[in-house]
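All remarks here apply to the structure that follows.
In the working numbering, the protein residues as written are 386 to 682.
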C-alpha cells in the first residue's frame with residue numbers, strides 16, 4: 386500500500402506596505418506646516434485683539450471706531466505673545482534637560498526611588514496650585530497685578546497632578562490624556578490672554594507718559610471743528626484755504642483713515658481724545674514738542 390501523500394501549506398507571506406511617494410510626503414509636510422501656521426496666526430490675532438481693546442480703552446476710545454486692520458492687530462499680538470512663548474519654551478527646555486541629566490547619572494533603582502518620592506510632592510503641589518487658581522478665577526480683582534500667573538499656575542498644577550496619578554496608577558487611557566491636554570491648553574490660553582491685556586495697558590501707560598515728548602501738531606481746517614481740547618484761531622485772510630487753526634495738540638496715531646488727537650497736557654483722569662476723519666479739508670503741521678511761535682494766518 387502506497388504511503389499517503391502529505392501536502393504542507395506554506396504560511397502566507399505578508400505583503401510589504403507600498404512605499405510612500407515623494408509627492409505624498411511633500412503634501413503631508415505642507416499640510417502640517419499650513420495647519421500650524423494657521424493656528425499660530427489665529428492666536429496672534431486673538432491676543433493682539435485683546436491688546437488693542439485695553440490699549441484704546443486707556444484713552445477712552447472704543448477700538449471699533451478706528452477700524453483697525455489685521456496687520457496692526459497681528460503686530461500687537463507679537464508683543465503680547467513673544468515673552469510667554471519664549472518663557473514656556475525655555476522652561477520646557479530646562480525641565481527636559483534636568484530629566485535627561487538625572488536619568489543619565491542615576492541608576493535604575495535610584496531613578497525609580499526618585500520618582501516614587503516626587504509623586505506625593507507633585508500631588509500636594511498640584512492640588513495647591515489648582516485650588517488657588519480656581520479661587521482666583523472666582524474673584525480675580527485682587528490679583529490684577531499678577532497677570533499671566535493664575536493661568537500658568539493652573540496648567541502647572543494639572544501637569545503635577547497627572548504626573549502623580551500616572552505614578553500611582555500606570556496606564557493612562559486616551560480619554561484621560563485628551564482631558565489633560567485640554568486642561569493644560571486652557572491654563573496656557575488663560576495665562577497668555579491675561580498677559581496680553583496687561584501688555585496693552587502697560588504700552589498705553591508708556592504712550593501716555595511720552596505724549597509731552599511727541600511733536601507738537603498745528604491743525605488747519607477749512608471749517609470750524611469746535612474742538613474743546615485745542616485753542617481755535619480764525620484766520621483773517623479771506624483767501625485762505627484753511628480758515629481755522631488749532632494748536633496745543635499731539636497726534637496719538639493715524640489708523641483706518643482717521644486721526645486720533647490728544648491735548649498736550651493729556652492726563653488719564655481727565656484727558657479727552659478726539660477722532661477726526663482724514664480728509665482734504667484738514668492740514669497738519671508738526672513742530673518741536675514744546676511748540677513754537679505761530680505766525681498770524
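Backbone N, C-alpha and C fix where the C-beta goes; we use that ideal spot for every residue, glycine too. Note that the coordinates shown come from a computational prediction; the quantities given were computed from them, not determined experimentally.
- Per the DSSP secondary-structure output, residue 648 pairs in a beta bridge with 634.
- The shortest C-alpha to C-alpha distance from residue 547 to any of 529, 533, 528 and 567 is the one to 567.
- Assigned with DSSP and collapsed to three states, residue 438 falls in helix.
- With respect to the 8 Å criterion, residue 615 and residue 628 are not classified as neighbours on the basis of their beta carbons.
- Straight through space, the alpha carbons of residue 600 and residue 673 are spaced by roughly 5 Å.
- Under the three-state reduction of DSSP, residue 618 is assigned to strand.
- Assigned with DSSP and collapsed to three states, residue 629 falls in strand.
- In the assembly as shown, residue 420 is an exposed residue. Its beta-carbon has fewer than 16 other beta-carbons within 10 Å.
- Taken in chain order, the unbroken stretches of alpha helix (DSSP H) that lie wholly in the stretch 478-540 and span 4 residues or more are 493-523.
- Counting of Cβ neighbours within 10 angstroms places residue 518 among the buried residues, the total reaching 16 or more.
- Per the DSSP secondary-structure output, residue 453 pairs with nothing in a beta bridge.
- Annotation for residue 561: no residue places its beta carbon closer than 7 Å to its own, counting only its chain and skipping 5 residues before and after.
- The stretch 419-437 makes contact with the stretch 457-471; the number of CB pairs closer than 8 Å reaches 3 or more.
- DSSP places residue 670 outside any alpha helix (DSSP H); the residue lies instead in the beta strand (DSSP E), whose first and last residues are 667-672.
- Residue 577: member of the alpha helix (DSSP H) spanning 559-594, first to last residue.
- In this structure, the CA atom of residue 621 is about 13 Å from the CA atom of residue 605.
- For residue 662, the enclosing beta strand (DSSP E) starts and ends at 659-662.
- DSSP places residue 604 in the uninterrupted beta strand (DSSP E) bounded by 601-606.
- Rounded to the nearest angstrom, the gap between the Cα atoms of residue 487 and residue 476 is 17 Å.
- When the beta-carbon positions are compared, residue 540 and residue 573 come within less than 8 Å of each other.
- Counting only residues of its own chain and dropping the five nearest sequence neighbours on each side, residue 511 has a CB closer than 6 Å to the CB of 542, 545 and 546.
- In this structure, residue 668 sits away from residue 642, with a CB-CB distance that is not shorter than 8 Å.
- The criterion of a C-beta distance shorter than 8 Å is not satisfied by residue 509 and residue 553.
- When the beta-carbon positions are compared, residue 588 and residue 440 come within less than 8 Å of each other.
- Exclusion of the five residues before and after residue 491 leaves 499 as the residues of its chain whose Cβ lies within less than 8 Å of its Cβ.
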